[in-house]
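K.L.:
Quick note: the sequence shown, position 3, residue 955 per the working numbering, numbers continuous.
We put the CB at the ideal spot given by N, CA and C, even for glycine.
These numbers were taken from a predicted model, which means no experiment stands behind them.
Could you have a look at this structure, given as structure tokens, before my questions?
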Amino acid sequence: MFQVEEVNHMSSKTDTEVIIGGKVLTLSGYESEEYLQKVASYINNKLNEYNKLDSFRRQPMDKQSVLLQLNIADDYFKAKKQISILEEELQTKEKELYDLKHELISAQIKLESSEEQVRTLQQDMNENAKKVAQLETELKKR
């Protein structure tokens, strides 16, 4: 991710100074400076979090480094799992939405058909009412 020489013609390489664990480092990458600062901030927050623990501070530096790496990897895998769960939920919701849209279209078609039947029945009823009126008029004339 950082300080790996890659050919990327889409964007220019960013070099930015960050402070990690009280040391100034230059990070290089094809991401924005804000992103590189955000990564450094994440590492610093992890360092601060674990440096508050006596059990962590008592470990040799190499073990602290491994523990920090393990905890960052743990965060990564938990986030990756959460993304998978959310993607599955999104797919389920998209399928439900698709099904609901089709049900709505079907209901609209049925409604339009019913409305047409009502109009036809009303026309028939009006014609029948006219016939009844004509027949009543003819009966009165007799």
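Determine whether the Cβ of residue 1087 lies closer than 8 Å to any Cβ atom of chain C.
P.N.:
No chain C appears in this structure, which consists of one protein chain only.
K.L.:
Report yes or no: do three or more beta-carbon pairs, one from the stretch 1013-1032 and one from the stretch 995-1002, lie closer than 8 Å?
P.N.:
Yes: at least three Cβ pairs fall under 8 Å.
K.L.:
Please report the Cβ distance between residue 998 and residue 1035, rounded to the nearest whole angstrom; I am assuming they are in contact, meaning their Cβ atoms lie under 8 Å.
P.N.:
With 8 Å as the limit, residue 998 and residue 1035 do not qualify as a contact, their Cβ atoms being about 20 Å apart.
K.L.:
Do you know how far the Cα of residue 1063 is from the Cα of residue 1091?
P.N.:
Roughly 41 Å separates the two Cα atoms.
K.L.:
CB residue 980 to CB residue 965, shorter than 8 Å?
P.N.:
Yes. Within cutoff.
K.L.:
In angstroms with no decimal places, state the Cα-to-Cα distance between residue 960 and residue 969.
P.N.:
With a pLDDT of 45 at residue 960, under the threshold of 50, the modelled position of that residue is not reliable, and no figure is offered here.
K.L.:
In three-state DSSP terms, what is residue 915?
P.N.:
In this structure the chain extends from 953 to 1094, so residue 915 is not present and cannot be described.
K.L.:
May I ask you to list the residues that DSSP assigns as paired with residue 976?
P.N.:
Per DSSP, 971.
K.L.:
Nearest-angstrom Cα distance between residue 1046 and residue 1059?
P.N.:
Taking the straight line joining both Cα atoms gives about 20 Å.
K.L.:
State buried or exposed for residue 988, treating a residue as buried only when at least 16 other CB atoms are found within 10 Å of its CB.
P.N.:
Buried is the call here.
K.L.:
Is residue 1084 near the ligand SAH, in the sense that its beta carbon is under 7 Å from a heavy atom of that ligand?
P.N.:
No copy of the ligand SAH appears in this structure; indeed no ligand is present at all.
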